[in-house]
Amino acid sequence: MSSISQTGDRGLDWAPASRLKRIIKSLEGFFRTSSVTKYARIWHGDFSYKLIQNTAIKNFQNMSPVTSIDAGECYLCIFERAGYQGNYQIIGPGEKAQVGKCASIVISNCKFSVDSVRREAAPPPGYWEMDGPMYLMHFSAGYRFVS
0 MSSISQTGDR GLDWAPASRL KRIIKSLEGF FRTSSVTKYA RIWHGDFSYK
50 LIQNTAIKNF QNMSPVTSID AGECYLCIFE RAGYQGNYQI IGPGEKAQVG
100 KCASIVISNC KFSVDSVRRE AAPPPGYWEM DGPMYLMHFS AGYRFVS
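The numbering of the sequence shown is numbering that gives the first Met the number 0, which starts it at 0 and goes up by one.
Structural data, given as structure tokens:
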């Protein structure tokens, strides 16, 4: 009778080496910086603040003009006139735009119908809608301490 023996690697790594690999992998993820941030960001000259997903700003009345926008991981539709009217520009995740005219904006975590927003003059159902100063009062930490 003959017996057959098999030798080989059956996934039995040296325990400290595999643990060390996992620790190094987690540290790489911790220290890695991504160029795309989760939140969108809007600039009015030198002042900026985060834009929260699934919200809309119907106007920027009594505020300095918007100069640029970073979409983060969001979809943004930027309108030239208040109330989601006029020409519009759509920017997607990871994009940045220098803006000449921005009178209203819709921020979303998924694609939405721009036609229905323009026709209804309102953001998609379930979106929180405010004007610019009210948005700052609710979401900008710096604004809360100024007043």
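Every residue, glycine too, gets a C-beta built ideally from N, C-alpha and C.
Spatial distance of residue i from residue j (CA atoms)
i    : j   : result
K100 : E79 : 5 Å
I22  : G71 : 29 Å
K215 : S63 : Not covered by the structure: residue 215. The range shown for the chain is 0 to 146.
M136 : K20 : 46 Å
Assigned secondary structure, residue i (DSSP; H/G/I helix, E/B strand, else coil)
i    : result
K110 : coil
V116 : helix
M133 : helix
F138 : helix
R18  : helix
C76  : strand
T66  : coil
E128 : strand
K37  : coil
Residue nearest to residue i in terms of C-alpha spacing, selected from the options
i    : options             : result
P124 : I89, G85, K49, S107 : S107
Y126 : T54, S47, C73, K37  : T54
F173 : M136, D130, S115    : Here the chain has residues from 0 to 146 only, and residue 173 is not among them.
A121 : Q88, S67, S63, G82  : G82
D114 : S17, I56, C76       : C76
Q84  : Y74, A102, Q97, C73 : A102
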